[in-house]
Amino acid sequence: MNNMTLRSFSRPSVLLCLLAAAVAALTSSCGGSDNASTAGDDATPVKGDWIVVHELSDPEGLNPLVTNDAASSAIFNRVFEKLLEQDFETTDLYPVIAEARPTVSDDHLTYTFKIRQGVTFSDGKPLTAKDVVFTFKAVKNPLITDAAALRNYYESLADITAPDDRTVVITMSKPYFLAEYFLGGIWILPKHRFDPESLTDSYTIAETNDMDKAQANAAMKKFATWYNTPEVKRDPTLNIGSGPYTYDEWKTGESVSITRNERWWNSGKDKWNSAYADKIIYKVVNDRSAAVVGVKNGEIDFMEAVPAAKYVEEIDTVATPFIAKATITMQVYSYVGLNCQNPILQDKVVRKALAHCLDRDALIKQVVRGLATPVNSPIYNDRKEYDKSISGVGYDPGKAKALLAQAGWSDVNGDGVLDKMINGRMTPFVLSILVNAGNEAREAIAVAFSDELRKVGVKLDVRKLEWSVFLENLRTRKFDLSIGAWVNDPIPSDPYQIWHSSQIGNKGSNYAGFSSPRADQLLEMNRVEFDESKRIAYMQEFQRIVADEQPYIFLWSPQYPAIYNKRLYGVRFSLVRPGYNPTQWWVPKSQWKYTQAQ
Numbered sequence: 023m024n025n026m027t028l029r030s031f032s033r034p035s036v037l038l039c040l041l042a043a044a045v046a047a048l049t050s051s052c053g054g055s056d057n058a059s060t061a062g063d064d065a066t067p068v069k070g071d072w073i074v075v076h077e078l079s080d081p082e083g084l085n086p087l088v089t090n091d092a093a094s095s096a097i098f099n100r101v102f103e104k105l106l107e108q109d110f111e112t113t114d115l116y117p118v119i120a121e122a123r124p125t126v127s128d129d130h131l132t133y134t135f136k137i138r139q140g141v142t143f144s145d146g147k148p149l150t151a152k153d154v155v156f157t158f159k160a161v162k163n164p165l166i167t168d169a170a171a172l173r174n175y176y177e178s179l180a181d182i183t184a185p186d187d188r189t190v191v192i193t194m195s196k197p198y199f200l201a202e203y204f205l206g207g208i209w210i211l212p213k214h215r216f217d218p219e220s221l222t223d224s225y226t227i228a229e230t231n232d233m234d235k236a237q238a239n240a241a242m243k244k245f246a247t248w249y250n251t252p253e254v255k256r257d258p259t260l261n262i263g264s265g266p267y268t269y270d271e272w273k274t275g276e277s278v279s280i281t282r283n284e285r286w287w288n289s290g291k292d293k294w295n296s297a298y299a300d301k302i303i304y305k306v307v308n309d310r311s312a313a314v315v316g317v318k319n320g321e322i323d324f325m326e327a328v329p330a331a332k333y334v335e336e337i338d339t340v341a342t343p344f345i346a347k348a349t350i351t352m353q354v355y356s357y358v359g360l361n362c363q364n365p366i367l368q369d370k371v372v373r374k375a376l377a378h379c380l381d382r383d384a385l386i387k388q389v390v391r392g393l394a395t396p397v398n399s400p401i402y403n404d405r406k407e408y409d410k411s412i413s414g415v416g417y418d419p420g421k422a423k424a425l426l427a428q429a430g431w432s433d434v435n436g437d438g439v440l441d442k443m444i445n446g447r448m449t450p451f452v453l454s455i456l457v458n459a460g461n462e463a464r465e466a467i468a469v470a471f472s473d474e475l476r477k478v479g480v481k482l483d484v485r486k487l488e489w490s491v492f493l494e495n496l497r498t499r500k501f502d503l504s505i506g507a508w509v510n511d512p513i514p515s516d517p518y519q520i521w522h523s524s525q526i527g528n529k530g531s532n533y534a535g536f537s538s539p540r541a542d543q544l545l546e547m548n549r550v551e552f553d554e555s556k557r558i559a560y561m562q563e564f565q566r567i568v569a570d571e572q573p574y575i576f577l578w579s580p581q582y583p584a585i586y587n588k589r590l591y592g593v594r595f596s597l598v599r600p601g602y603n604p605t606q607w608w609v610p611k612s613q614w615k616y617t618q619a620q
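So the number in my numbering is just where the residue sits in the sequence shown, counting from 1, plus 22.
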């Protein structure tokens, strides 16, 4: 998605990156397919056959407005389209549904988009300005709870109108330096499928900006009630888009498959979405070791986030010459999140003490085999905004003990676990840490962290949860600690979604419950500032606040080890997430496995 998404793999988030020079470096280090330059018929792209891509868990959903995990985004980006998209190589914006980038007023408050002629959804119905207006009204409806993560980017949306079927005029209440990116970057949904009663026609954008008015509007409530149903999130037949593929089938716990949209309006015209494969199957294997075996056996064609130990030590391209290896570099950070609203964790001194018990350097060597760069703040470390002067919290159990004693923790009953009187009750220092099942890297981090904490009198239980349950626990803050990672697109930093206090409630992405008036102010000023030097200053002060408060224990920005079967041609990698695009890949007829060559 355009907004920051939580990653189910050891893979976290992504933000801006290396720009043109870095893209060139990425291309040379990660490479295209080993087969891309092969002479002969195999080098000529051809349509046909299926491609099988590994996923660690089921996607959270199929609908782009109410799902916020990276697995879902990787799939629905093939089905739905945006007004504007990022170029796979340069990361520059280019028009897709829109015929050009928008006309922008001098005060940065009015954006006018023109829709291309001939754009249709996969059911053949035309995509018009009315669908764009509907999409914005849907995401802005504050009663649609699971749209909260995306909605925060449209807080300043004041109005949207469609003077005719091809013109969309968007008015902002205040400037936003990323407005063009986010206004152009929302996936456009068909109004005739999701709002057949035209309920969204009965409320205004102004009403969506006022919760009391929203609650009082019967049409808004009725539409939200419908949109909050599992059917909207999960039904492949309902979720149609205008993109190169359509949903085929979702077999829960097994796979999500998409098939080429034979009526795609832009077929043969989009250089980054050729849609060569007849079908792309996202196969769920909830154990990455088993998934690696699947690649070796030829059951899976592509796998990212390969366990580092296996990638470095076990995958031998000499013994298995049909497998290619690559590392995908993206802007992303992983972290241990602490629930600041938990009574035990409300004191920043305690949070810092816990951070001193995590041996990050050892974990980088042991868990990710050195395929990572340490990070010390929530800004991606290759951004101009990243404050290099902030140092990480070093591994120091002795200092951790001293800080815990300073915070009033001691072993009252001699059972080896620290205690403290909290709210009139003697409370043992017992917590749990959540990881998503199947992610052995996160589990290894959690177990090592638990072992270290035990030495200073803190009991930390490791809990493994299925991905959707894991996400729900984070969004409702039913956790003590968790291990996660954030992904975003290659754009300048806007960490509002994760760190502003307004994003704590209503299933927002501020899972840590972090709240700081000055941080809020800096995040708000950042959004309306077009002077890059001022934004850098705001973001560096913001980072220092986060470092002082320690709501996260920052880990690292990983490289993603990937492997794929060399029957795939045209494999390339990018800063545009998820870092790869199966619609660009093809399989030569000589290597077709699932369909018969004609």
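Glycine included, every Cβ here is placed at the ideal spot set by N, Cα and C.
Tell me whether SER579 sits in a helix, a strand or coil according to DSSP, three-state version.
Correct three-state label for SER579: strand.
Nearest-angstrom Cα distance between LEU106 and CYS362?
For LEU106 and CYS362, the distance between alpha carbons rounds to 38 Å.
Is the Cβ-Cβ distance between THR226 and ASP181 less than 9 Å?
Result yes, Cβ atoms of THR226 and ASP181 sit closer than 9 Å.
If you follow the alpha helix (DSSP H) that MET233 is in, where does it begin and where does it stop?
Here the alpha helix (DSSP H) through MET233 covers 233–238.
Whose C-alpha, out of GLU77, TRP521, GLN618, is nearest the C-alpha of VAL278?
When only C-alpha atoms are compared, the closest one is GLU77.
Distance, Cα to Cα, SER621 vs VAL88?
Any answer about residue 621 is impossible in this case: the structure gives the chain only from 23 up to 620.
Skipping 5 residues on each side, what residues in its chain have a beta carbon closer than 6 Å to that of ASN283?
Result list for ASN283: SER144, PRO266, TYR267, THR268, in chain order.
Just to confirm, is the Cβ distance from MET242 to GLU253 under 9 Å?
Against a cut-off of 9 Å, the Cβ pair of GLU253 and MET242 comes out as no contact.
What are the partner residues of ILE520, as DSSP defines its beta bridges?
Partner(s): none; ILE520 has no beta bridge.
Taking a contact to mean a Cβ-Cβ separation below 9 Å, would you say GLY430 touches MET443 in this structure?
Yes, Cβ-Cβ distance for GLY430 and MET443 is below 9 Å.
Would you mind sorting PRO400 into buried or exposed? The rule is 16 or more other CB atoms within 10 Å of its CB.
Buried.
Where does MET242 fall in DSSP's three states?
Reduced to three states, the DSSP call for MET242 is helix.
The alpha helix (DSSP H) that contains TRP489, what's its start and end?
Run containing TRP489: 489–497, per the alpha helix (DSSP H) assignment.
Compare the beta carbon distance of LEU577 and VAL397 with 9 Å and say whether it is the shorter of the two.
Yes, the pair counts as a contact, with Cβ atoms nearer than the cut-off.
May I ask you to verify whether the segment 190–201 touches the segment 123–133, counting CB pairs closer than 8 Å and requiring at least 3?
Judged by Cβ distances under 8 Å, the segment 190–201 makes contact with the segment 123–133, as three or more pairs qualify.
Rank PHE492, ILE505, PRO419, ASP257 by C-alpha distance to the C-alpha of ASP473 and give the top, closest one.
Answer by Cα proximity: PRO419.
Could you compute how far the alpha carbon of VAL509 sits from the alpha carbon of LEU544?
In a straight line, the C-alpha of VAL509 is about 22 Å away from that of LEU544.
If I measure Cβ to Cβ from PRO450 and keep anything under 6 Å in the same chain, skipping five residues before and after, which residues do I get?
If we look at PRO450 and ignore the five residues flanking it on each side, its Cβ neighbours are VAL439, ASP441.
Could you check which residue in ALA171, PRO512, PHE135 has the C-alpha nearest to that of LYS406?
That would be PRO512, whose Cα lies nearest to the Cα of LYS406.
Return helix, strand or coil for PRO252, following the three-state DSSP convention.
Here PRO252 sits in helix by DSSP.
Helix, strand or coil for GLU335 per DSSP?
DSSP places GLU335 in helix when its eight states are reduced to three.
With burial defined as no fewer than 16 other Cβ atoms inside 10 Å of the residue's Cβ, what is the status of ALA238: buried or exposed?
It counts as exposed.
If ASP80 sits next to THR274, beta carbons under 8 Å apart, how far is it from one beta carbon to the other, in whole angstroms?
Right, their Cβ atoms sit about 6 Å apart.
What span of residues does the alpha helix (DSSP H) with VAL568 cover, start to end?
554–571 is the span of the alpha helix (DSSP H), which, as asked, contains VAL568.
Assuming LYS213 and PHE156 are in contact, meaning their beta carbons sit under 8 Å apart, how far apart are those beta carbons, in whole angstroms?
Yes, LYS213 and PHE156 are in contact; Cβ-Cβ is about 4 Å, under 8 Å.
May I ask you to report which of helix, strand or coil DSSP gives ASP483?
Here ASP483 sits in strand by DSSP.
Relative to the alpha-carbon of TYR249, which residue among SER515, ALA160, VAL314, ASP71 has its alpha-carbon at the smallest distance?
It is ALA160 whose Cα lies nearest to the Cα of TYR249.
Within a Cβ cutoff of 7 Å, which residues of the same chain sit near ILE467, ignoring the five residues on either side of it in sequence?
These residues qualify, in order along the chain: LEU385, VAL389, ILE505.
According to DSSP, simplified to helix, strand and coil, what is PHE451?
Three-state result, PHE451: coil.
Could you give the C-beta distance for ARG100 and ILE302, rounded to a whole number, given that I count them as a contact under 8 Å?
Contact flag correct, Cβ pair sits at about 7 Å.
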